[in-house]
């Protein structure tokens, strides 16, 4: 009798465990199939996105190189401009005014008239005046 009770008890436990195991196996199989399908979809999307990401990264790299080239060019132009300013200073225009010494009578001390002349004779006269140390002449350098 103990044997039959034990057998019945174990048979019912094994039957219940078998049913639970079968249900668990079916549920686990369905769950793993869903996970596998979702993982496959995710891998396909990531593969597609990786192509798009690589294209976008290439475009961004090209844009970054263009920006770097632009700033490099602006820097070179700035350095060149400063170098030219430092080494090739354009001298400011100098004006040389040559005047000959004239004698004024005491009566005419209040006014004198100078006439402008661009002839060769005037240039020779100015040169002779510059060479003559006895005469005083006016040479002014005026910087603008």
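Residue numbers (the numbering used here): 40 to 183.
Where a beta carbon is used, it is the ideal one built from N, C-alpha and C, also for glycine.
Since this is a predicted model, take the numbers as computed values, not measurements.
* **Whole-angstrom distance between residue 107 and residue 118, CA atom to CA atom** => 16 Å
* Asked: Under three-state DSSP, which class holds residue 116?
  -> helix
* Alpha carbon to alpha carbon, what distance is there between residue 74 and residue 90? -> 24 Å
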